[in-house]
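Numbering (this note's numbering), first residue to last: 4 to 187.
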């Protein structure tokens, strides 16, 4: 896994199952966040400084004109279900948009810090069906209003939705903890 130059801490993530329960109250959020982030290595951390500019579209890779990048799982057979590594890879590729939203929020409130849980439903075509950010006050904050629509645009690998028992699903749920604070 590549480490991004701007990210000051290592990132990792753990899935807590594909059928997620949606906690709505503040106490439920704290308990859920603590459970997701119990192992500090499983917590996505984003740090920034007040006033830091992070161009949303800028990548850490540079390619010449006409360059083409293709990524393959190494097999031509479609996968049945997304695996944790597939989801982690997509989240890691998109952490720049998380930092973009955090820097945007810091402009409005230089003391802004916090924790959030990002919950999403991923359809078999790889598109995100639904995004929820917990707690509700974080979803209603400038940070949540910036991040939600960006997560909704993330693209995951296509999968058939076929489970081991032969049943098929149309989407899977996934959630991850996110902690953000100012760089020291």
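Note that CB positions come from ideal geometry on N, CA and C, so glycine has one too.
Just so we're clear, the structure is a prediction, and the values are computed from it rather than from any experiment.
What is the DSSP secondary structure of residue 170, reduced to helix, strand or coil? Residue 170: coil per DSSP, three-state reduction.
Euclidean distance between Cα positions of residue 37 and residue 138: For residue 37 and residue 138, the distance between alpha carbons rounds to 13 Å.
Near residue 126, which residues of its chain fall below 8 Å by C-beta distance, leaving aside the five closest residues on each side in sequence? Around residue 126: 132, 173 and 174.
DSSP-derived helix/strand/coil call for residue 66: Since pLDDT at residue 66 reaches only 41, below the 50 mark, its modelled position is unreliable, and the value read off the structure follows with that caveat. Here residue 66 sits in coil by DSSP.
Name the one or two DSSP bridge partners that residue 136 has. Under the DSSP definition of a beta bridge, residue 136 partners with 121.
Residue 164 to residue 184 span [Cα, whole Å]: Their Cα atoms are separated by approximately 37 Å.
Looking at the secondary structure, which residues open and close the alpha helix (DSSP H) in which residue 100 lies? In this chain, the alpha helix (DSSP H) harbouring residue 100 covers 98-111.
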